[in-house]
Every structure is written in structure tokens, then in C-alpha cells.
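First residue of the sequence shown: 10, per this note's numbering; consecutive thereafter.
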Amino acid sequence: MSELVFFTGTMDCGKSTLAAQVNHTHKSAGRSGLVFTRNDRAGSGILSSRLGLEVQAIEVTNETNFFDLCLEQLQTDEGLDYLVCDETQFYTREHINQLAHVVDDLDIDVFAFGIASDFRTDLFPGSSRLFELADRIQILQVEALCWCGRKATHNARTVNGRMITEGDQVLPGDTGENPAEVIGYEVLCRRHHMAGMTINHPEN
């Protein structure tokens, strides 16, 4: 039976690498699939990992309707067996509802990959809905590490190396738009996230 599976963890734990591997494994087995992503660091329509892997993907927008896209694909000679959906934290709750319908009504597997919470420790809307609807939730086993060596459990946003806790939920890092403000992201253990202590500014 088809499933909606949510693979999650902090940044740097290999989610996009696993997404590319899942797509490769299923494609090698003769299954037909589509790959989706949203706001990937490498640009529109690309699923990329920090290890250098890149896979062509369909860019998700607010207007994307997964159910309609799957219906169209099922009418082609290739058919459709699975979806790989990366960066699902940036999907809307309605997107996740559509993915659940794809599984239940079209019998297509959906493999979703994304981080759970933002730099303020608030759940992303897409991730929140996945926790509510997924058939299975897989916490990735590759543990990212805080600068102190402990297991990283939280994502932090930094400006010029200093952790901040205010701002828009979605903001790409290293945009280069304002040279005076270098926006970045770092994974921290709970202790250092709560204390606001980053690798460059452990005295904060």
C-alpha cells in the first residue's frame, strides 16, 4: 500500500542527500516518479545537497496542485508511482493535504523531506501538517553536531555570526543583498540555542 512518509531532522543531517538517493533507488527499480522542491539553496527547480548532489526538480509555488499534476502524469505512458518532495517545510498546509489525497486516492507513494522547526523553534506550517497526517515519521539517523560537540537539535539564524530570534520565518541565507549583513544558519544544541551562543560568538 502507498504511504505518506515524512523524513525530518535538523539542517546538515542529510535530508536532501537521502531524497536524491530515494529517487535514484526507486527509478533504478523501474518505478516512475516526480521530484519537487521549494526554495532550494541552489536555485529554482533544483534539489541539491551539501555533498554536491543535484537533481532536476519541479519548483513548488503557492499555486501548485499536486493532485492535478499527478492526474495529468497518470495519463502519460510513463504513469506515476511515487513523489519525492524536498524542502517540505516551505510547503503550505494545503499542499500537504493534497499530498495525502495523492496517497489515499491515487495510490502513489509520497516521500517528504524537511526540517521541522524554524530559527525561533516554531513549527513550519508544512511540517506541522505532515506531523498530523503522515503515515510514518522517520527521524534521520545522521546527527548534526553543535559547535560544542553535542547533538544539534535546533536551527539558528545568524546575522554576521550572531544569533537572532526575530524576523520572517522564511529568509534565504547568504543572499549578498546587503554586504553589511551576512545572513546565515547554524545548528545548535538546545543549551546553546536557548543561550544564543553560536560558534563565532560563544560569549553571547
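Idealized CB from N, CA, C, for every residue including glycine.
G135 (DSSP reduced to helix, strand or coil): Helix, per DSSP.
Given L142 as reference, the closest of E72, A66, D116 and N106 once Cα atoms are compared: Selected option, being the one with the closest Cα: N106.
Unbroken beta strand (DSSP E) run spanning D197, endpoints: Per the sequence shown, the amino acid found at residue 197 is Leu instead of Asp. Per DSSP, the continuous beta strand (DSSP E) segment holding L197 begins and ends at I192 to L197.
Between the CA atoms of N169 and F140 - distance to the nearest angstrom: Straight across, the Cα-Cα distance linking F140 with N169 is about 33 Å.
D77 versus F120: straight-line alpha-carbon distance, rounded: Whole-angstrom Cα-Cα distance: 18 Å.
Given V112 as reference, the closest of A29, F75 and D95 once Cα atoms are compared: Of the listed residues, the one whose Cα sits closest to V112 is F75.
Proximity below 8 Å, CB of L149 to CB of L13: A distance of 8 Å or more separates the beta carbons of L149 and L13.
Alpha carbon of S137 to alpha carbon of A38, nearest angstrom: Linking S137 to A38 through their CA atoms gives a straight-line distance of about 32 Å.
C-alpha gap between C94 and M10, whole angstroms: Approximately 19 Å, taken between the alpha carbons.
Inter-residue spacing [alpha-carbon to alpha-carbon] between T101 and F133: If I take the Cα positions, the gap works out to 9 Å.
Contact under 8 Å by Cβ, T17 with G123: Yes.
At least 3 beta-carbon pairs within less than 8 Å: the segment 34 to 48 vs the segment 158 to 178: The segment 34 to 48, when compared against the segment 158 to 178, does not touch it at the 8 Å Cβ threshold.
Completely contained beta strand (DSSP E) runs for the segment 75 to 106, where each covers 3 or more residues: Within the segment 75 to 106, the complete beta strand (DSSP E) segments at least 3 residues long are 91 to 94, listed from N- to C-terminus.
Cβ neighbour criterion (16 or more within 10 Å) applied to D49: Counting other Cβ atoms within 10 Å of its Cβ, D49 reaches 16 or more and is therefore classed as buried.
Under the three-state DSSP convention, the category M203 falls into: Annotated three-state conformation of M203 is helix, per DSSP.
D127 burial status per 10 Å Cβ neighbour count (16 or more: buried): Burial of D127 is indicated by the presence of at least 16 other C-beta atoms within 10 angstroms of its C-beta.
Euclidean distance between Cα positions of V179 and V44: When only Cα atoms are considered, V179 and V44 end up about 22 Å apart.
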